[in-house]
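Take a look at the structure below.
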Amino acid sequence: MINLENISFTYKNKLALDNVNVHINEGEAIAIIGPNGSGKSTFLKLLNAIIFPSEGKYTFNELEINEKHLKDNKNLKLFHKRLGFVFQNSDTQLFCSTVFEEIAFGLIQMELPIEEVNERVNDCLMLLNIEKLKEEHPYNLSGGEKKRVAIASVLAMNPDVITLDEPMNGIDPKGKSFLKDLLAVLNKSGKTIICATHDFEYIDGIFKRAIVFSEEHKIIRDNTYENIIKDKEFLRQYNII
Amino acid sequence: MIPKWLSEKDNYIPKEEKNLYIEKSIFSFIKTISIIRQNKSQDKLLYLINPNLKVISTILNIALISISRSFAYLLIMDIYVFGNLMLMQKKSRKRIFIRSLIFPIISLIALIPSMFYGNVYNSLLLFQKIIITIIMMNLLAHNTKWSEISKSLKLFQIPDIFIWIMDITIKYIVLLGEYSIDLLYALRLRSVGKTSSKYDSITGIIGNLFIKSYKMSEEMSQAMECRGFTGEYTTKVNFNLKKIDYGYIIVNLLLIVTFIYLKYQGIF
Chain U
0 MINLENISFT YKNKLALDNV NVHINEGEAI AIIGPNGSGK STFLKLLNAI IFPSEGKYTF
60 NELEINEKHL KDNKNLKLFH KRLGFVFQNS DTQLFCSTVF EEIAFGLIQM ELPIEEVNER
120 VNDCLMLLNI EKLKEEHPYN LSGGEKKRVA IASVLAMNPD VITLDEPMNG IDPKGKSFLK
180 DLLAVLNKSG KTIICATHDF EYIDGIFKRA IVFSEEHKII RDNTYENIIK DKEFLRQYNI
240 I
Chain W
0 MIPKWLSEKD NYIPKEEKNL YIEKSIFSFI KTISIIRQNK SQDKLLYLIN PNLKVISTIL
60 NIALISISRS FAYLLIMDIY VFGNLMLMQK KSRKRIFIRS LIFPIISLIA LIPSMFYGNV
120 YNSLLLFQKI IITIIMMNLL AHNTKWSEIS KSLKLFQIPD IFIWIMDITI KYIVLLGEYS
180 IDLLYALRLR SVGKTSSKYD SITGIIGNLF IKSYKMSEEM SQAMECRGFT GEYTTKVNFN
240 LKKIDYGYII VNLLLIVTFI YLKYQGIF
């Protein structure tokens with residue numbers, strides 16, 4: 000499904016990703032682990048084609064994702080429909096006047112019948128347990144509520160892959176465990192989950208695989224989540240715990 | 000728990016739409032921010048000169064250029080600014096040159112009728128003054144950090160609090176700019192179909208930005224209060240001169256002497 004071959008990304012003469020090679024199959028649940036500044040967020044931005052690699056090849060469903068391919072508006076929209084991104088800072092993701100409009104934003108653009116839009120929005124509100132916030136302005140919500148709205152707005156578009164950048168940041172323990180269950184259920188329903196995180200306490204049981212980035216912006220380990228998380232010495236050596 | 004539609008794949012094919020406004024907005028934001036944030040601590044000669052000296056000499060030279068009536072002096076200043084331009088990084092050099100040409104050329108076009116009435120000398124003098132002044136200001140903006148330029152204003156008896164407000168303003172232009180880029184990215188990622196009201200989402204982003212800036216300013220004022228800020232702020236000017244600074248002073252003194260000499264000799 001997703002294939003990254005010898006990907007490097009340089010920003011202002013600084014290497015942010017160094018020779019990254021990853022293959023992700025449909026339905027996987029992968030944790031992206033690494034210390035601060037190791038390139039986790041850059042990796043997710045690259046997957047979502049917010050930035051493009053300086054070197055290497057990125058393919059999604061056998062199609063090479065590059066500026067040329069996405070210059071065609073149709074390709075760009077289809078790509079973003081299939082791959083959803085939950086930003087680390089939910090504030091930057093919410094720009095509509097009510098929670099309902101926020102979740103319906105993508106659906107209205109997809110020109111779905113109004114009944115289906117309403118159905119999907121209500122389902123997402125229920126799934127994220129935010130029905131009460133339907134008519135609220137997203138800016139007046141708490142950090143955890145904003146995160147739920149941001150996730151709902153992505154889920155409503157029914158993407159095949161959901162990428163999340165530090166979704167547990169700024170959320171209370173109850174919210175974290177809710178999010179953990181939600182991610183596990185989404186993965187079970189067939190969604191591919193790729194999530195950058197270092198909140199290990201609350202992600203047990205979601206991920207089957209983990210990819211570890213080092214401070215040198217390289218992938219140093221790609222293994223089962225269990226194996227990596229149990230290897231405390233390795234995690235300590237690379238400043239992860 | 001999971002609704003049926005979420006576990007099935009959508010058979011969605013987006014419609015063709017030529018709409019590049021998000022791309023263009025992202026690009027223009029990134030361009031502006033990268034100019035403010037660009038690395039101005041290079042090894043190149045001009046970047047190493049004391050910023051206070053650069054600010055003083057630029058203002059002084061601009062004052063002399065505006066009062067000069069000598070073509071010879073302006074020609075010398077032309078050589079001086081183009082020499083400085085050659086000392087800049089290749090990328091900045093090209094950008095400064097192209098930007099500095101726009102307004103002088105517009106002025107020159109506006110002066111054409113005056114030239115037809117025989118006012119050629121004065122018109123060319125004006126054209127020269129405009130181009131040199133703009134290049135000098137652009138050079139200063141490109142080879143000196145914004146914070147250092149604002150600190151240098153203390154030399155002109157500008158109150159510290161004003162300098163500080165300028166510093167904070169520049170910092171927040173960058174912060175809010177980066178925030179808007181993220182908002183535009185989020186908008187692009189969710190723009191998966193046909194938008195009937197293309198600019199509505201931009202209005203949402205602007206509104207969001209206003210609320211964010213209000214909250215940020217409120218939080219900053221509270222943080223300042225907690226750190227003991229009572230309304231007084233002191234900036235210090237760095238006047239430690241290096242060898243290169245003395246060289247710069249000599250060149251600028253020579254330019255001033257040239258101005259005085261040409262003025263009193265009446266050389267045009």
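Chains as they are written, first to last, in numbering that gives the first Met the number 0: chain U, 0 to 240; chain W, 0 to 267. Where a beta carbon is used, it is the ideal one built from N, C-alpha and C, also for glycine. These numbers were taken from a predicted model, which means no experiment stands behind them.
- Item | Contact list for the stretch 216-228 of chain W against chain U, Cβ threshold 9 Å | none
- Task: Could you have a look at U:GLY83 and say whether DSSP puts it in helix, strand or coil?
- Result: Here residue 83 of chain U refers to the residue found at position 84 when the first sequence is read from its first residue. Residue state, collapsed to three classes: strand.
- Does the ligand PLP have even one heavy atom less than 6 Å from the beta-carbon of W:THR57? Absent from the structure shown: the ligand PLP. Ligands present: none.
- Task: Examine chain W for any beta-carbon lying closer than 7 Å to the beta-carbon of U:VAL85, and answer yes or no.
- Result: The residue labelled residue 85 of chain U in the question sits at position 86 within the first sequence. No, U:VAL85 lies away from the interface with chain W (no Cβ there is under 7 Å from its Cβ).
- Task: Tell me whether W:ILE48 is buried or exposed, calling it buried when 16 or more other Cβ atoms sit within 10 Å of its Cβ.
- Result: Working through the second sequence from its first residue, we reach residue 48 of chain W at position 49. The residue in question, W:ILE48, is buried, as its Cβ has 16 or more Cβ neighbours within 10 Å.
- Query: So, does the CB of W:ILE35 fall closer than 7 Å to a CB anywhere in chain U?
  - Reply: For the purposes of this step, residue 35 of chain W is taken as residue 36 along the second sequence, with counting starting at 1. So, not an interface residue.
- Message: Within a Cβ cutoff of 6 Å, which residues of the same chain sit near U:LEU234, ignoring the five residues on either side of it in sequence?
- Response: Mapped onto the first sequence, residue 234 of chain U falls at position 235. The answer, listed in chain order, is ILE240.
- Query: Which bits of chain W does U:SER37 rub up against, with CB to CB less than 9 Å?
  - Reply: Reading the first sequence from its first residue, position 38 is the one you call residue 37 of chain U. None at all; the shortest Cβ gap to chain W is about 20 Å.
- Euclidean distance between Cα positions of U:LEU106 and U:HIS216: In the first sequence, counting from the first residue as 1, residue 106 of chain U sits at position 107. In the first sequence, counting from the first residue as 1, residue 216 of chain U sits at position 217. Each residue's alpha carbon lies about 37 Å from the other.
- Beta-carbon separation of U:PHE78 and U:ILE1 under 7 Å? The count along the first sequence starts at 1 and reaches residue 78 of chain U at position 79. The count along the first sequence starts at 1 and reaches residue 1 of chain U at position 2. Cβ distance not < 7 Å, so U:PHE78 and U:ILE1 don't count as in contact.
- Task: Compute the beta-carbon to beta-carbon distance between U:LYS73 and W:PRO13, rounded to the nearest angstrom, for a pair I have assumed lies under 8 Å.
- Result: Position 74 of the first sequence, counted from the start, is the residue given in the question as residue 73 of chain U. Position 14 of the second sequence, counted from the start, is the residue given in the question as residue 13 of chain W. Contact flag correct, Cβ pair sits at about 5 Å.
- As assigned by DSSP and simplified to three states, the class of U:LYS231: If you number the first sequence from 1, residue 231 of chain U lands on position 232. In the structure shown, U:LYS231 sits in a helix (DSSP, three-state: H, G or I).
- Message: Within a Cβ cutoff of 7 Å, which residues of the same chain sit near U:LYS146, ignoring the five residues on either side of it in sequence?
- Response: Translated into positions along the first sequence, residue 146 of chain U becomes position 147. Cβ within range, chain order: SER89, PRO166, ILE170.
- Query: Can you give the Cα-Cα distance for U:TYR10 and U:LEU45, rounded to whole angstroms?
  - Reply: Counting from 1 along the first sequence, the entry for residue 10 of chain U is found at position 11. Counting from 1 along the first sequence, the entry for residue 45 of chain U is found at position 46. Spanning the two alpha carbons is a distance of roughly 12 Å.
- Message: Taking its Cβ as the centre, do 16 or more other Cβ atoms sit within 10 Å of U:ASP164, making it buried, or is it exposed?
- Response: Position 165 of the first sequence, counting from 1, holds the residue named residue 164 of chain U. U:ASP164 comes out buried.
- So what's U:GLY55 in DSSP terms, helix, strand or just coil? Here residue 55 of chain U is taken as the residue at index 56 of the first sequence, counted from 1. It is a strand residue.
- Task: Mind checking who U:SER213 pairs with in its DSSP beta bridge?
- Result: For the purposes of this step, residue 213 of chain U is identified with residue 214 of the first sequence, where counting begins at 1. Answer by DSSP bridge pairing: none, since U:SER213 is not bridged.
- Message: On the criterion of 16 or more Cβ atoms from any shown chain inside 10 Å, does W:ALA185 qualify as buried, or is it exposed?
- Response: As a working mapping, residue 185 of chain W is identified with position 186 in the second sequence. W:ALA185 should be labelled buried.
- Query: Hey, how far is the Cα of W:LEU154 from the Cα of W:SER91?
  - Reply: As a first step, residue 154 of chain W is located in the second sequence; it is residue number 155 there, counting from the start. As a first step, residue 91 of chain W is located in the second sequence; it is residue number 92 there, counting from the start. Computed Cα separation, rounded: 28 Å.
- Residue nearest to U:PRO52 in terms of C-alpha spacing, selected from U:ASN5, U:ASN139, U:LEU75, U:CYS123: Start at 1 with the first residue of the first sequence, and residue 52 of chain U comes out as number 53. Checking every option, the nearest Cα to that of U:PRO52 belongs to U:ASN5.
- Per DSSP, W:ILE97 forms a beta bridge with which residues? Position 98 of the second sequence, counted from the first residue, corresponds to residue 97 of chain W. In the DSSP output, where bridge partners are listed per residue, W:ILE97 has none listed.
- Under a CB-based cut-off of 7 Å, is W:TYR171 close to chain U? Taking the first residue of the second sequence as position 1, residue 171 of chain W is located at position 172. So, not an interface residue.
- Give the straight-line distance between the Cα atoms of W:ILE172 and W:TYR116, rounded to the nearest whole angstrom. Taking the second sequence and counting its residues from 1, one reaches residue 172 of chain W at position 173. Taking the second sequence and counting its residues from 1, one reaches residue 116 of chain W at position 117. Roughly 46 Å separates the two Cα atoms.
- Query: Beta-carbon separation of U:GLN108 and W:GLY192 under 7 Å?
  - Reply: Translated into the one-based positions of the first sequence, residue 108 of chain U becomes position 109. Translated into the one-based positions of the second sequence, residue 192 of chain W becomes position 193. A contact, by the Cβ cut-off of 7 Å.
- Item | Test: W:TYR184 CB closer than 7 Å to a CB of chain U | For this step, residue 184 of chain W is matched to residue 185 along the second sequence. Cβ-Cβ to chain U under 7 Å: yes for W:TYR184.
- Please name the residue, chosen from W:LYS53, W:GLY176, W:LEU63, W:SER65, that lies closest to W:PHE26 on a Cα-to-Cα basis. Stepping through the second sequence from its first residue, residue 26 of chain W is reached at position 27. Here the closest residue by C-alpha is W:GLY176.
- Per the contact definition of three or more C-beta pairs closer than 8 Å, is the stretch 148-162 of chain U in contact with the stretch 92-105 of chain U? yes
- Task: Could you give the DSSP three-state label for W:CYS225: helix, strand or coil?
- Result: The residue labelled residue 225 of chain W in the question sits at position 226 within the second sequence. Three-state DSSP puts W:CYS225 in a helix.
- Task: Could you work out which residues of chain U lie near W:GLY192, taking near to mean beta carbons separated by less than 7 Å?
- Result: Here residue 192 of chain W refers to the residue found at position 193 of the second sequence. Per Cβ cutoff of 7 Å: LYS76, GLN108, MET109, GLU110.
- Task: Mind reading off the beta-carbon distance from U:LEU75 to U:LEU69? Whole number of angstroms is fine, and I expect it under 8 Å.
- Result: Here residue 75 of chain U refers to the residue found at position 76 of the first sequence. Here residue 69 of chain U refers to the residue found at position 70 of the first sequence. Yes, they are in contact, since the Cβ atoms of U:LEU75 and U:LEU69 sit about 4 Å apart, within 8 Å.
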